[in-house]
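Asks:
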């Protein structure tokens, strides 16, 4: 029993000193409370943010925490909870607090609205106010710090989305109202060049089809032009050297046959000459056949 007791105490010590990770979700600009249940800052021995050790100092009942290269965080003590005022998106992450031999883990998630803009080829544009939160919210759109009029845009999805029929110059801001207050997005300037059509698949298909049709048309026109040129111009083949030699030999043989034809051939030649009609007034009347 003497050997078992220390082992059991160590197991109990490990179980009780490390608490489960809790998630805290707050809106940007509001306060985040870490319920560490301490009575004084002196009990906070160590603080870690996103695996970075934080140097802490006390000043006017405020705990100043400097974590790595991030900005200084100001923590206040409120009924046993550490309160981080005016949180921003950069404050998100894991927080670890060590006090009285106890480690407490928290994951802070900051909800901040973001405007998502999309431009379309027909000149319209969509603005969507994205907010990652399940709480009840209402949306309001501002153009140059003035409420966006209905004739300038088509408001859909309870005000979360806006359809602009044409490009409107100026700064757009989405204002979100919730149960604990309100917050605004960073202003954006809508700039649609309508040159980003390649993001639409159907445009790529149309472009490829037009290119293929143009290539086929060029091939057909070229074939027609070649056929027309061949019909108008008859090209004589150029004989080779061997064909030239054969032509010379045949011409010599042909000339010799004309000079000394056989008797039968000579008679046939004369008969052929007699059968031909005489040319009027020509020299054919001067010849007689004997």
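Residue numbers (mature numbering (1 follows the signal peptide of the UniProt record, and there is no 0)): -20 to -1, 1 to 270.
The beta-carbon is built from N, C-alpha and C at its ideal position, and this holds for glycine as well.
Any idea if residue 101 is buried or exposed, counting beta-carbon neighbours within 10 angstroms, 16 or more meaning buried?
Replies: Numbered from 1 along the chain shown, position 121 holds the residue referred to as residue 101. It counts as exposed.
Asks: Pick from 24, 144, 139 and 33: whose alpha carbon is nearest that of residue 132?
Replies: Residue numbering aside, residue 132 sits at position 152 when the chain shown is read from its first letter. It is 144 whose Cα lies nearest to the Cα of residue 132.
Asks: On the three-state DSSP scale, how would you describe residue 128?
Replies: Numbered from its first residue, the chain shown carries residue 128 at position 148. Correct three-state label for residue 128: coil.
Asks: In whole angstroms, what is the alpha-carbon distance linking residue 83 and residue 37?
Replies: One-based indexing of the chain shown puts residue 83 at position 103. One-based indexing of the chain shown puts residue 37 at position 57. Between residue 83 and residue 37, the C-alpha separation is close to 19 Å.
Asks: Could you please give the first and the last residue of the uninterrupted beta strand (DSSP E) stretch that includes residue 170?
Replies: Numbered from 1 along the chain shown, position 190 holds the residue referred to as residue 170. Segment: none, residue 170 is in no beta strand (DSSP E) and carries neither H nor E.
Asks: Which residues in the same chain as residue 139 place their Cβ atom closer than 6 Å to its Cβ, once the five residues preceding and following it in sequence are excluded?
Replies: In the chain shown, counting from the first residue as 1, residue 139 sits at position 159. Hits under 6 Å: 119.
Asks: According to DSSP, simplified to helix, strand and coil, what is residue 71?
Replies: Residue numbering aside, residue 71 sits at position 91 when the chain shown is read from its first letter. Helix at residue 71.
Asks: On the three-state DSSP scale, how would you describe residue 203?
Replies: Residue numbering aside, residue 203 sits at position 223 when the chain shown is read from its first letter. Helix.
Asks: Which word fits residue 67, buried or exposed, when buried means at least 16 other C-beta atoms lie within 10 angstroms of its C-beta?
Replies: Numbered from its first residue, the chain shown carries residue 67 at position 87. Buried.
Asks: Measuring alpha carbon to alpha carbon, tell me which residue in 146, 134, 153 and 91 is nearest residue 295.
Replies: It is not possible to answer for residue 295, since the shown part of the chain is limited to -20 through 270.
Asks: Please classify residue 189: does DSSP put it in a helix, a strand, or coil?
Replies: Numbered from its first residue, the chain shown carries residue 189 at position 209. Helix at residue 189.
Asks: Is residue 198 helix, strand or coil by DSSP?
Replies: Within the chain shown, numbered from 1, the residue matching residue 198 stands at position 218. Correct three-state label for residue 198: helix.
Asks: Might you give, ordered along the chain, the residues of its own chain that have their beta carbon closer than 7 Å to the beta carbon of residue 112, omitting 5 neighbours on each side?
Replies: Here residue 112 corresponds to residue number 132 of the chain shown, with the count starting at 1. Closer than 7 Å at the Cβ level, and outside the excluded window around residue 112, lie 91.
Asks: Can you tell me whether DSSP reads residue 137 as helix, strand or coil?
Replies: Taking the chain shown and counting its residues from 1, the one referred to as residue 137 is at position 157. Helix at residue 137.
Asks: According to DSSP, is residue 23 helix, strand or coil?
Replies: Taking the first residue of the chain shown as position 1, residue 23 is located at position 43. Correct three-state label for residue 23: helix.
Asks: Consult DSSP for residue 209 and reduce its assignment to one of helix, strand or coil.
Replies: For the purposes of this step, residue 209 is identified with residue 229 of the chain shown, where counting begins at 1. Reduced to three states, the DSSP call for residue 209 is helix.
Asks: Are the CB atoms of residue 8 and residue 163 within a distance shorter than 8 Å?
Replies: Your numbering for residue 163 matches position 183 in the chain shown. Your numbering for residue 8 matches position 28 in the chain shown. Yes, the pair counts as a contact, with Cβ atoms nearer than the cut-off.
Asks: Along the chain, where does the beta strand (DSSP E) containing residue 111 start, and where does it finish?
Replies: Counting from one through the chain shown, the residue named residue 111 turns up at place 131. Unbroken run through residue 111: none, as it is neither H nor E.
Asks: Which residue or residues does DSSP assign as beta-bridge partners of residue 161?
Replies: Mapped onto the chain shown, residue 161 falls at position 181. Residue 161 pairs with 158.
Asks: So residue 96 is in the beta strand (DSSP E); what residue range does that whole segment cover?
Replies: What you label residue 96 is simply residue 116 of the chain shown in a count that begins at 1. Element bounds for residue 96: 94 to 99.
Asks: Excluding the 5 residues preceding and the 5 following residue 48 in the sequence, name in chain order all residues of the same chain whose CB lies nearer than 6 Å to its CB.
Replies: Translated into the one-based positions of the chain shown, residue 48 becomes position 68. Cβ neighbours of residue 48 beyond the five flanking positions: 32.
Asks: Exposed or buried, residue 87, counting other C-beta atoms within 10 Å across all chains shown (16 or more means buried)?
Replies: In the chain shown, the residue the question calls residue 87 occupies position 107. So residue 87 counts as exposed.
Asks: Please state whether DSSP places residue 39 in a helix, a strand or coil.
Replies: One-based indexing of the chain shown puts residue 39 at position 59. Strand, per DSSP.
Asks: Going by beta-carbon coordinates alone, are residue 52 and residue 63 separated by less than 8 Å?
Replies: Numbered from its first residue, the chain shown carries residue 52 at position 72. Numbered from its first residue, the chain shown carries residue 63 at position 83. No.
Asks: If we count the other Cβ atoms within 10 Å of its Cβ and call it buried at 16 or more, is residue 206 buried or exposed?
Replies: The sequence position of residue 206 within the chain shown is 226, counting from 1. So residue 206 counts as exposed.
Asks: Alpha carbon to alpha carbon, what distance is there between residue 126 and residue 45?
Replies: Locating residue 45 in the chain shown gives position 65, counting from the first residue. Locating residue 126 in the chain shown gives position 146, counting from the first residue. Cα-Cα distance, rounded: 39 Å.
Asks: Residue 35 to residue 14, Cα distance in whole Å?
Replies: In the chain shown, residue 35 corresponds to position 55, counting from 1. In the chain shown, residue 14 corresponds to position 34, counting from 1. Distance between the alpha carbons of residue 35 and residue 14 is about 18 Å.
Asks: Is DSSP giving residue 46 helix, strand or coil here?
Replies: On the chain shown, position 66 is the one that residue 46 refers to. Looking at residue 46 - three-state DSSP - the assignment turns out to be strand.
Asks: Name, in chain order, the residues that DSSP records as bridge partners for residue 143.
Replies: Indexing the chain shown from 1 puts residue 143 at position 163. Residue 143 pairs with 106 and 134.
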